[in-house]
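Single-structure report; data block below.
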Amino acid sequence: MNFPILVIKSAFRNRVRTVLTSIGVAVTIIAFLFLRTFIAAWYAGAESAGADRMVVRNKTAIIFPLPLAYASKVKNVPGVSALSYMVWFGGYYKDPKQFFAKFAMEDHALELYPEVLVPPAQMEAFKQDKQGAVIGVRLAEKYGWKIGDRVTLTGDIYPGEWSFNVRALYTATSKTFDQQTMYFHWTYLNDALVEEKRDQVGILIFKVGAATDSAQVARSVDQLFANSSAETRTESEKAFQNEFLSMSSQLLGAISVISMVVLVILVLILANTLSMATRERTTEYAVMRALGFQPAHVVRLVLGEGFVISLVGVALGVGLAAPVLRFFADLFQRELGPFLGAFEIDPKLVALAVAIALACGMFSAALPAWRAGKLKIVDSLRRVE
Amino acid sequence: MTKLVTIAVGALLGLGLTGAVVGLVLSLLVILVLGIIVLASGEGVPMIYNIRSLTQRGWTTGVTAAGLALVVCIFAVVLMTTNGVRTTLKATGSSENAKILRKGTQNEIQSGMLPEQLRLLGAAPETAIGKDGHGLASAELVVLIYAVKQNAKSEEDGTNLTVRGVGPLGLELHPPHALDGSMFKAGSSEIMVGKGLVGRYPGARLGEKMHFARRDWNVVGVMDHGGSAYDAEIWGDVDQFEDAFQRRPAFSSVTLKLKDAAALQTLRTRMESDPQLNTLEVKREVDYWSAQSEQLSLFVQYLGLFVAAIFSFGAILGAMITMYAQVAARTREIGTLRALGFQQRAVLVSFVIESVLLALGSAAIGLIGATAAQLLRFSTVNWQTFSEVSFHLHLTPGIVFASIVFAMVMGYAGGLLPALRASRLSIVAATKGG
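Chains A and B, in that order, give the protein sequences. Residues in the first sequence are numbered consecutively from 1, following the numbering used here. Residues in the second sequence are numbered consecutively from 1001, following the numbering used here.
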């Protein structure tokens, strides 16, 4: 019998225990993958931010608008290439609890996002229709909307009922770009507002040319409006997104801590099993040693056992993770709305989880292995269980 | 395809869970009956033996207990967090007050109203009358400002704070529990800050200045609202804020004191039939605030319970592994017990009790951890309002009780099958040794 077979045989000697331990490992790995994917999904928005896109908004807070006139002024700042603007619409479709993002945008705003794909014919149809809307494919899926459907939103920031015609569907080449957003014409919104609310935008978005110092451009934009009634704050899209994330940072921090605690539990489960397994077999190890096996063999046997058990567990865990995560992601979406855009497991994360689980297996085996390696043949043979 | 998989997983999980729960409940009944029989027949349970066994094997007991304790601690902290969000926002507002917002808006920040509507509401017969003979109704302007945290490394490390402009009646309608310093003077650049902001944002301290809306504001008072959402707000004169934030003449909401408990319904009916007021919606103030906490507390609850469920599963497995090993290692002892005259049922009951005792000990350790967690102050953004909510974690008797029950269930679930095996060992084989 060669060595690997011996390791596997000893790992499955106590079948109930090995199966229970493997299930334990699988469950903790699923929990780890879930929590990590959760955090990643949260940061996805910031990840998808384009490095060359900058966002201008009212310095006081995002809820305050900027005058439309700022758009043409910013356009003339050296270094600014393309510029567009949007405004957050708020509102809801039928159920206030079912949230998705809605923006009134300047017609060409999506051109600043090369990761967003809209069939040209649909884009043309959208531009022709004043009440047209461009919606994400996943949003369309969720509500079963098709091109040509009429969708009515209830406004809160902008009171009243607002009707739109779905004219275009967008997909995104980047997985992290939210595909559950609705965009429509800013002019449609603007024309319907009372005089004093008109000609205001939420944020300006612009691109800086390659090799331009974006920080310098941001400073010149902000200087332009310093001491005016609506001072601005200009920053990269990534910084802009990060700001929203930092507001929930403690919550995310707590989740991150919990994902580490999961690993502690993983080690505890494994260490418990392995220390019991080796203690039971003290006499056997002594016999092996008496037969001529070296301490290194015994150590390798115990480490190998830890490796095999965690390998079985992690294989089970990774195999089950995708459907289980899908189930919980759907549950979350149904109950809480699309807080999380792309809830998909990153293959890199899976690799990390496998590595961690195997490392945990070896780590938990270290102490029992060391003890088994050190045991004195005579004492152990004399010992009576 | 993915849908099918989702349904299948859901069904399997559902079936598995239901099966496990039904099995546990039924078996618990059987064990209880057996326990009563054992006690009633005077056979006795070798309890001292079980307790000593636990302390005898320190290492495995310790590892298992540590795992269980961690799970109990996390379970308690999840409940404390959910509870924290709920009580913070529930403690805000009074049930004697009504809050009026524009129809269809979820919160004050989206809402907008006009001065004429305040006048009508103040004069409504349902509104309580103050000492000066005027209706107790107050218009408030609520906006958000972006504030960078104290000692922040970058501009990005900030949050949205709620700024509330209140009128002269504001403090009468929402009286703070305590006020350090003084009330802001009407018509001045004076503000009061909630005690939750002190030291966490630049200038948020008595006698210092905060800068927002292109002006400096003198902090003349620190309010203590007893842990409610107001403790994370900045309050100042509504007229000053109207100008500073260029919101004139609109404001966000009206709070009014109701004459009596029944007044809310009549006020609602009156508003519906008044063409100037039927664009508005009235809610009891406490109801408004508890609705604000709904999403965040649901979110924490779902996530937390999911984590606790997975962890408890791991802990049950850990307990089961330990107890199986205990039974295997103590085969001869069990044989001896049986030879001494203890019945199968007594052994079964005693091993279940041992496992539950182990879990109870762990619960004590886990709850010590949860007690330490009370020192934490937790703040996060409430997505419903985009403003900060901050709260302390409190270990309530209810949570202690729930955690202990939770631990006992884990210990029971982990100990049942091993105990069953112990009770079914044959005397002859067992005394021969294993």
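The C-beta atom is built at its ideal place from N, Cα and C for all residues, glycine as well.
Fewer than three Cβ pairs drawn from the stretch 272–283 of chain A and the stretch 253–260 of chain A lie within less than 8 Å of each other, which leaves the two stretches out of contact. At least one beta carbon of chain A lies nearer than 7 Å to the beta carbon of glutamine 1110 (chain B). Using beta-carbon distances, methionine 1113 (chain B) does not count as an interface residue toward chain A, since no partner is under 7 Å. With 16 or more other CB atoms across the displayed protein chains lying within 10 angstroms of its CB, glutamate 1190 (chain B) is buried. Interface flag for serine 1379 (chain B) against chain A is set, since a Cβ pair is found closer than 7 Å. Remark: C-beta atoms of isoleucine 1334 (chain B) and alanine 1422 (chain B) approach each other more closely than 7 Å. The residue among B:Ala1232, B:Ile1074, B:Gly1042, B:Ile1100 with its C-alpha nearest the C-alpha of isoleucine 1365 (chain B) is B:Ile1074. Contact residues of the stretch 154–166 of chain A toward chain B are Thr154, Gly155, Asp156, Ile157, Pro159, Gly160 (C-beta to C-beta distance below 9 Å). For lysine 1257 (chain B), there is no enclosing alpha helix (DSSP H); the enclosing beta strand (DSSP E) covers residues 1253–1257. Close partners of leucine 1144 (chain B) in chain A (Cβ separation under 8 Å): Ala61, Ile62, Ile63. In this structure the stretch 1137–1147 of chain B lies against the stretch 1233–1248 of chain B, because at least three pairs of beta carbons, one per stretch, are closer than 8 Å. When B:Ala1076, B:Ala1229, B:Pro1168, B:Ile1353 are compared, the shortest CA-CA separation from leucine 1032 (chain B) is found for B:Ile1353. Here valine 80 (chain A) has Val74, Phe206, Val208, Val217 as same chain residues with Cβ atoms under 7 Å from its own Cβ, once five neighbours each way along the sequence are excluded. Residue burial is scored here from C-beta neighbours: glutamate 1208 (chain B) has fewer than 16 other C-beta atoms within 10 angstroms and is therefore classed as exposed. The continuous alpha helix (DSSP H) containing tryptophan 1059 (chain B) extends over residues 1058–1090. Contact between lysine 59 (chain A) and glutamate 231 (chain A) is confirmed by a C-beta separation of about 4 Å, below the 8 Å threshold.
Check the Cα spacing between glutamate 1233 (chain B) and each of B:Gly1369, B:Thr1018, B:Arg1200: the tightest is with B:Arg1200. Counted as a single uninterrupted DSSP element, the beta strand (DSSP E) harbouring methionine 1223 (chain B) occupies residues 1215–1224. By the 16-neighbour rule on beta-carbons within 10 angstroms, glycine 253 (chain A) is exposed. Selection B:Leu1425, B:Phe1313, B:Glu1388, B:Ala1413 evaluated against threonine 1088 (chain B) yields B:Glu1388 as nearest (Cα-Cα). CA-CA distance, arginine 1057 (chain B) to valine 1193 (chain B), rounds to 56 Å.
Along the stretch 81–151 of chain A, the beta strand (DSSP E) occurs as fully enclosed runs of 3 or more residues at 101–105, 132–136, listed in sequence order. Under the three-state reduction of DSSP output, aspartate 1243 (chain B) falls in the helix class. Per DSSP, the beta bridge partners of glycine 1181 (chain B) are B:Gly1221. The Cβ neighbour count for phenylalanine 164 (chain A), taken over all protein chains shown within 10 Å, is at least 16; the residue is labelled buried. Taking 3 residues as the minimum length, the beta strand (DSSP E) runs contained wholly in the stretch 1280–1349 of chain B are 1280–1284, in order along the chain. Contacts with chain B at 7 Å (Cβ-Cβ) include isoleucine 265 (chain A).
The C-alpha of arginine 1268 (chain B) lies about 23 Å from the C-alpha of lysine 94 (chain A). Using a Cβ distance threshold of 7 Å, serine 1390 (chain B) and alanine 1076 (chain B) do not count as a contacting pair.
When A:Gly155, A:Ala226, A:Ala41, A:Pro120 are compared, the shortest CA-CA separation from tyrosine 70 (chain A) is found for A:Ala226. At a cut-off of 7 Å between C-beta atoms, glutamate 1172 (chain B) does not count as an interface residue with respect to chain A.
Going by beta carbons, isoleucine 1316 (chain B) and leucine 20 (chain A) fall outside the 7 Å limit. Taking C-beta atoms as the reference points, alanine 104 (chain A) and valine 87 (chain A) count as a pair closer than 7 Å. Across the stretch 1324–1344 of chain B, CB contacts with chain A closer than 7 Å involve Tyr1324, Ala1325, in sequence order along the chain.
Identification of chain B residues near phenylalanine 328 (chain A) by a Cβ-Cβ cut-off of 8 Å yields Phe1306, ordered along the chain. Against chain A, the beta carbon of arginine 1424 (chain B) has no neighbour under 8 Å; the closest one sits roughly 14 Å away.
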